[in-house]
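What follows is a set of notes on a single structure, which appears directly below.
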Amino acid sequence: MRKNSVATIVVLILTTMILWLPTTASSSGSIAGPGDIAITGYNADGNDNIAFVLLGDTTPNQVIYFSDKEWNGNPIGSGGAFNSGEGFIKWTAPSTPLTAGTVIEISDASTTPSATKGTVTRTGSFNISGTNEVLYGYLGSDEHTPTAFLTAFANNDFGSGSINGTGLTEGTNAMRFDSVDADVDVAEYAGSRNNQSTAADYLAQIMNTGNWTHQDGSGDQSNDGTSPDIPFDVTPFTKPNAITFAGMTASNGISNGLLIALLAGFSILLFGGFWLRRRITR
Ligand SMILES: [Ca+2]
Ligand SMILES: [Ca+2]
Ligand SMILES: [Ca+2]
Ligand SMILES: [Ca+2]
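Those letters in the sequence shown? Residues 656 to 937, per the working numbering, in order.
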């Protein structure tokens, strides 16, 4: 009877912990189309910065391109193309997949870029402008040939090009900032990163320009002590019930694994203790 009670307690503890396992925002799965990433930081000043959140999981070494070129408004595969000039950023995910909710910052995007996760290279004359600029994120067979657009951030109104043909929708998976601060130079999502349970809900929250801080003006506002400043916030987006364990917020696959191991160890110790006590008192 006591043995059954102990087993029940252990099962209950494990079940409760598993149900409460902190995870990053649940996603539709992979990064494959519109809304599967979102820009969370845009800096045209200084050496340029880009921050973006994954709203799906990366595949090993998955490549995401960014370009400051304008799109000609035609569909992919039916005359759709970027304009000439400007350039590209090629970001390559690590071989170990990154989970939805992970935020990556690319620094020095207009010179010699580096990324907080994954690797990054620059080609052409990529240089985010503070005037009439658009930043696209997309998958492609190469940087010139998008196969699926993921997101866009227009600091005004999609520049001299058009969002038509990209499969993106303004306000849904493409930001347009002209109604708030036309030709914004530095902008960052400043809303909550732990109040939503789905990637879709986070996307809607990010697309609300009211959740952003922004600065504009001649000179460099990217590191002037007034928000937004670089480096951008790379705190991951998590579900609201994420557990803080020993001061550590478990919010990615590695720390989830650690938490499972700790809980399993705790349960084994508990069960073993009861077993030993039964042996001793027998
Ligand atoms: Ca720039
Ligand atoms: Ca441009
Ligand atoms: Ca400026
Ligand atoms: Ca600033």
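Note that beta-carbon positions come from the ideal geometry of N, C-alpha and C, so glycine has one too.
Since the structure is predicted, the reported quantities are computational estimates derived from the model, not experimental observations.
Would you report the Cα separation of residue i and residue j, rounded to the nearest angstrom?
| i | j | result |
| --- | --- | --- |
| A809 | G690 | 15 Å |
| Q717 | A748 | 5 Å |
| A832 | D723 | Residue identity check: residue 832 is Phe in the sequence provided, not Ala. Between F832 and D723, the C-alpha separation is close to 15 Å. |
| V839 | K894 | 30 Å |
| S780 | E741 | 5 Å |
| G902 | P883 | Reliability of the predicted coordinates at G902 is poor, the pLDDT of 33 falling under 50, and the value obtained from them is presented with this limitation in mind. Distance between the alpha carbons of G902 and P883 is about 27 Å. |
| N819 | I861 | 21 Å |
| P677 | G846 | Caution is warranted here: a pLDDT of 40 is assigned to P677, below 50, making its placement in the model unreliable, and no coordinate value can be reported. |
| T821 | F804 | 6 Å |
| I719 | G874 | 30 Å |
| A859 | R848 | 12 Å |
| N911 | A706 | Note that N911 has pLDDT 49, beneath the 50 cutoff, so the model's placement of it is unreliable and no number is given. |
| T899 | N787 | Per-residue confidence for T899 stands at a pLDDT of 44, beneath the threshold of 50, marking its modelled position as unreliable; the derived number appears in the next sentence. Approximately 43 Å between the Cα atoms of the pair. |
| N866 | L924 | 46 Å |
| M672 | K745 | With a pLDDT of only 47 at M672, under the threshold of 50, the placement of this residue in the model should not be trusted; the figure read from the coordinates follows. One C-alpha to the other measures close to 39 Å. |
| G711 | A837 | 30 Å |
| D797 | I692 | 18 Å |
| R933 | S750 | 48 Å |
| I694 | A755 | 14 Å |
| S681 | S852 | With a pLDDT of 43 at S681, under the threshold of 50, the modelled position of this residue cannot be trusted, and the question is left open. |
| A770 | Y857 | 23 Å |
| F721 | S733 | 21 Å |
With respect to 6 Å, is the separation between the Cβ of residue i and the closest non-hydrogen atom of ligand 4 below this value?
| i | result |
| --- | --- |
| Q617 | The requested residue 617 is not part of the displayed model; the chain covers only 656 to 937. |
| T881 | yes |
| D875 | no |
| D884 | yes |
Smallest Cα separation from residue i: which of the options?
| i | options | result |
| --- | --- | --- |
| I761 | I885, S815 and G735 | I885 |
| N738 | M830, Y844, T827 and V789 | V789 |
| P768 | E825, V841 and I783 | I783 |
| S817 | N727, I686, G711 and I731 | N727 |
| N702 | T766, L709 and P715 | T766 |
| A699 | P891, N896, Q876 and R933 | Q876 |
| G792 | T864, E843 and L709 | L709 |
| D854 | T776, T802 and T757 | It should be pointed out that residue 854 corresponds to Ala in this sequence rather than to Asp. Closest by alpha carbon: T757. |
| T778 | N863, A807 and F743 | F743 |
| P801 | I694, G735 and Y697 | G735 |
| Q870 | A842, A687, G684 and Y697 | A842 |
| V889 | N811, N704, D797 and T881 | N704 |
| T774 | G880, P715, F892 and S685 | P715 |
| A807 | T868, T824 and G795 | T824 |
| P891 | L753, A687 and N729 | L753 |
| L794 | G826, I731 and F813 | I731 |
I need the boundaries of the beta strand (DSSP E) containing residue i, first residue and last residue.
| i | result |
| --- | --- |
| I694 | I692 to N698 |
| E725 | Element bounds for E725: n/a, residue is neither H nor E. |
| F743 | G742 to T747 |
| G779 | T774 to G779 |
Does at least one heavy atom of ligand 3 sit under 6 Å from the Cβ of residue i?
| i | result |
| --- | --- |
| G701 | no |
| G690 | no |
| G872 | yes |
Below 6 Å, is the gap between the Cβ of residue i and the nearest heavy atom of ligand 1?
| i | result |
| --- | --- |
| S765 | yes |
| I783 | yes |
Is residue i a contact residue of ligand 2, with contact defined as CB to any heavy atom under 6 Å?
| i | result |
| --- | --- |
| D723 | yes |
Length-filtered (3 minimum) beta strand (DSSP E) runs lying within the stretch 788-874: Qualifying beta strand (DSSP E) stretches, in chain order: 789-797, 800-809, 829-831, 841-844 and 867-870.
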